[in-house]
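Residue numbers (my numbering), protein chains in the order written: chain A, 1413 to 1677; chain B, 2 to 168. For reference, the structure is listed below as structure tokens.
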């Protein structure tokens, strides 16, 4: 790992100002992706600004229509929250599918979506439920937040503070995980509710995307038969040692079908 | 080895924390990992580095009451924390119930993964105090690799320790 300056931010303003002032500043939340990246010397930030002391960014609030998760809330807390399990069980389940128990004790929702790994789980929930991402500067619709490979709508010194998920009528997440890393080779999040009918796919492309053919079919008939014959175009999908684009396209349909079945309980 | 950043002398900072009940401190670079701090600065070599990519779990320790992977945390991130390593579990000559269960059930072969397995296993019992079955144990061991593939006795040991620890 290259050396860097390190500081613990005392407030959101302190954190964003510190990153703005640095040559190349980076926020560190749980560090579950950033630290492995630094160890491999794939990044060389001049400054790490640690968000660990920002207790205001930790916590879950649930009401009849929304589930709000603070950016620094670890996956293990979301997974174990009785309130989230009741309001959006698919979201609690998704949090429990990330990494392993030790990773889930450190990794956070804010870190996950800000990093926007193409195979991360949370982006599929943000888009699949039509959530809104709140930052220190503005509110960003989930549909506009993820813009490319490891790329989001965030500015350099902009920090995610919380994510607000509308409570759906029904929702489910199914993923085909890489057996070693647990990252999604393909993960499909489906929902129906106040944000319409949504099918969000992670792991398959450069970043999470909505599968509009499946959404239209499910709008007419929210049943697994409605999607089982819809083929995903594989021309823009990822190919790596774990799966070809063609195989990932196949998995999109299978995961969507299983997710709809689970959502219908 | 080119570029201005590489020529900058490394700065060190004193990092203090409570490890196994004792207040400790040592000077580290900002990039020093918590596991390096434990092994190299404090000489606590019971915590192992297996993969160094946060997959194998050999470096699992407790920080502020939760199991984490110490190869994927900076020493500076643990400044002021309460840390428990494998060395801090036994009470004198009396092993922790999880260590005793590993011994009784022969839950190790080469022993390299064992410290991380034991720490992670305590987390499994703590998360599942009311009831724990074999399927749950196997699932929640997903972050710990035993390359001797000796999982069977590890699972038996954790179930036995669960009985002991929740009796």
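Ideal Cβ placement from N, Cα and C applies to all residues, glycine included. Computed from a prediction, not measured in an experiment: that's the story for all the values here.
Could you please give the first and the last residue of the uninterrupted beta strand (DSSP E) stretch that includes residue 1577(A)?
1572-1578
Apart from the five residues just before and just after residue 53(B), which ones in its own chain have a Cβ nearer than 6 Å to its Cβ?
72
Along the stretch 1506-1518 of chain A, where does the CB come closer than 8 Å to a CB of chain B? Name the residues.
1511, 1512, 1513, 1514, 1515, 1517, 1518
Report yes if the C-beta distance between residue 1617(A) and residue 1597(A) is below 7 Å; otherwise report no.
no
Please report the straight-line C-alpha distance between residue 1582(A) and residue 1649(A), rounded to a whole angstrom.
28 Å
Using a threshold of 6 Å, is the CB atom of residue 23(B) nearer than that to any non-hydrogen atom of the ligand GDP?
Among the ligands in the structure shown, none appear at all, so the ligand GDP cannot be discussed.
Starting from residue 1535(A), follow the alpha helix (DSSP H) in both directions and report where the run begins and ends.
1534-1540
Give a yes or no on whether the C-beta atoms belonging to residue 1625(A) and residue 1642(A) are separated by under 7 Å.
yes
Indicate the three-state DSSP secondary structure (helix, strand or coil) for residue 1497(A) in the structure shown.
helix
Would you tell me roughly how many angstroms separate the C-alpha atoms of residue 57(B) and residue 140(B), rounded to the nearest one?
14 Å
Which of the three DSSP states, helix, strand or coil, is assigned to residue 103(B)?
helix
Neighbour list for residue 1443(A) in chain B, Cβ cutoff strictly below 9 Å
73, 74, 75, 78
Tell me residue 20(B)'s beta-bridge partners as DSSP assigns them.
23(B), 84(B)
Note down the Cα distance separating residue 1423(A) from residue 136(B), rounded to an integer number of angstroms.
43 Å
Paired residues, beta bridge with residue 34(B) - DSSP
75(B)
Output, in sequence order along the chain, the residues in the stretch 57-71 of chain B whose CB is closer than 8 Å to any CB in chain A.
58, 61, 67, 68, 69, 70
Roughly how many whole angstroms lie between the Cα atoms of residue 34(B) and residue 1666(A)?
41 Å
Based on Cα-Cα distance, which residue from 22(B), 21(B), 147(B), 41(B) lies nearest to residue 28(B)?
41(B)
What are the residues in the stretch 1421-1448 of chain A lying within 7 Å of chain B by C-beta distance?
1443, 1444, 1447, 1448
Residue 83(B) at chain A interface by Cβ criterion, 7 Å:
no
Residue burial classification, residue 145(B) (beta-carbon count within 10 angstroms, cutoff 16):
buried
For residue 79(B), which residues of its own chain have a beta-carbon under 8 Å away from its beta-carbon, when the five flanking residues on both sides are left out?
16, 18, 35, 38, 64
Please decide whether residue 1416(A) counts as near chain B, where near means a Cβ-Cβ distance under 7 Å.
yes
Distance between residue 1663(A) and residue 1602(A) (C-alpha atoms, nearest Å)
14 Å
Along chain A, which residues have their Cβ under 9 Å away from the Cβ of residue 104(B)?
In chain order: nothing, as chain A lies at least about 24 Å away.
Under the three-state reduction of DSSP, which class applies to residue 1610(A): helix, strand or coil?
strand
7 Å Cβ cutoff met for residue 1536(A) and residue 1612(A):
yes
So what does residue 67(B) bridge to, in DSSP terms?
64(B)
Within 10 Å of its beta-carbon, does residue 11(B) have 16 or more other beta-carbons around it, so buried, or fewer, so exposed?
exposed
Chain E contacts from the stretch 1460-1475 of chain A (Cβ-Cβ distance under 8 Å):
In summary, chain E is missing from the structure at hand, where the protein chains are A and B.
I need the DSSP call for residue 1470(A), collapsed to helix, strand or coil.
coil
Is the CB of residue 1586(A) under 7 Å away from at least one CB in chain B?
no
Identity of the residue in 1630(A), 1600(A), 1651(A), 1523(A) nearest residue 1503(A) by Cα:
1600(A)
List the endpoints of the continuous alpha helix (DSSP H) containing residue 1556(A).
1554-1557
Could you tell me if residue 1592(A) is buried or exposed, where buried requires 16 or more neighbouring beta carbons within 10 angstroms of its beta carbon?
exposed
7 Å Cβ cut-off: residues of chain B touching residue 1413(A)
32
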